[in-house]
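Encoded as structure tokens, the structure appears first; notes follow it.
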Amino acid sequence: MKIQVETPLSIDFIKKLSIGDEVYLTGEIITIRDRASSRAIEYKIKGKPIPAELNESIIYHCGPIVKKIDEEWNVVAAGPTTSIRMENLTPQLIKMFNIRMIIGKGGMGIETTKALKEHCGVYCAFTGGAGVAAAKMIKKIVKVEWLDLGIPEALWVFKVENFGPLIVAIDSKGNNLYEEIKTKINENLKILRSEKID
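In short: position in the sequence shown from 1, add 4, done, that's the working numbering.
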């Protein structure tokens, strides 16, 4: 199913999403990777303010290529980062901030799947290698925080328009498209092996 939606995302909307749905987002998303995730968790534990509104937000696993022209930041490319590298941090991030949607590449593991089910969130896959196309869907840089972490690791708040296609790969019911595909592949391999033996 093809779905267009504006942020913020309601719990009711998230609950209606199923794996395989195609989503196009308009609104604000926040880029976050390893170092910013780690800092956000640390700040939350210590009660320190976080300069971007992560609560019930949409986070994007992305290290954008951004350059400054006449004192203004411009996004050159903003393709997704492989999400599994954030697997050790993301479940805690979901629990602390009730993240509604994660956008990334390549899927995530069992602990993130459990956390999304528990806190009513989804994971959406965005096509790798489409960084320039993604940049064209970013209409405005709302702000950037934690630049001391480096441009790719900073928190970038983007205003996007019809950002997608985003394929729901983990839904709030705990279904994981990647795991289902792996299961089917393994089943097919067993059939092929048994046919060879026969």
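Positions of the beta carbon are idealized from the N, C-alpha and C atoms, including for glycine.
Sufficient close CB pairs (3 or more, under 8 angstroms) joining the stretch 42-51 to the stretch 163-179: Note that the stretch 42-51 does not touch the stretch 163-179; fewer than 3 beta-carbon pairs, one per stretch, sit closer than 8 angstroms.
When DSSP labels each residue in this structure, what does Ile-88 get in the three-state scheme? helix
Runs of beta strand (DSSP E) lying entirely within the stretch 108-191, each at least 3 residues, in chain order: 126-129, 142-149 and 159-174
Reference Asn-78, options Ile-142, Asn-180 and Glu-191, closest by Cα: Of Ile-142, Asn-180 and Glu-191, the smallest CA-CA separation from Asn-78 is found for Ile-142.
In three-state DSSP terms, what is Met-100? helix
Should Glu-191 be labelled buried (16 or more other beta-carbon atoms within 10 Å of its own) or exposed? By the 10 Å Cβ count, Glu-191 comes out exposed.
Tell me whether Thr-94 sits in a helix, a strand or coil according to DSSP, three-state version. helix
So Gly-168 and Gly-135 are in contact, right, with Cβ under 8 angstroms, and what is the actual spacing, rounded? Gly-168 to Gly-135, Cβ: 15 angstroms. No contact.
Identify whether Ala-56 lies in helix, strand or coil by the three-state DSSP scheme. coil
Report yes or no: do three or more beta-carbon pairs, one from the stretch 20-33 and one from the stretch 110-117, lie closer than 8 angstroms? no
Per DSSP, which residues does Leu-21 bridge with? Please list them. Partner(s): none; Leu-21 has no beta bridge.
Write down the C-beta distance between Val-161 and Glu-76 rounded to the nearest angstrom, noting that I regard them as a contact closer than 8 angstroms. Between Glu-76 and Val-161 the Cβ distance is about 15 angstroms, and since that is not below 8 angstroms, they are no contact.
Exposed or buried, Val-70, counting other C-beta atoms within 10 Å across all chains shown (16 or more means buried)? buried
May I have the straight-line CA-CA distance separating Trp-150 from Asn-179, to the nearest angstrom? 34 angstroms
Nearest CA to the CA of Leu-120: which residue from Ile-103, Thr-30, Ile-189 and Leu-196? If we check each option's Cα against that of Leu-120, Ile-103 comes out closest.
Presumed contact (8 angstroms Cβ cut-off) between Cys-124 and Lys-19, rounded CB distance: 7 angstroms
Length of the line joining the Cα atoms of Leu-13 and Lys-6: 16 angstroms
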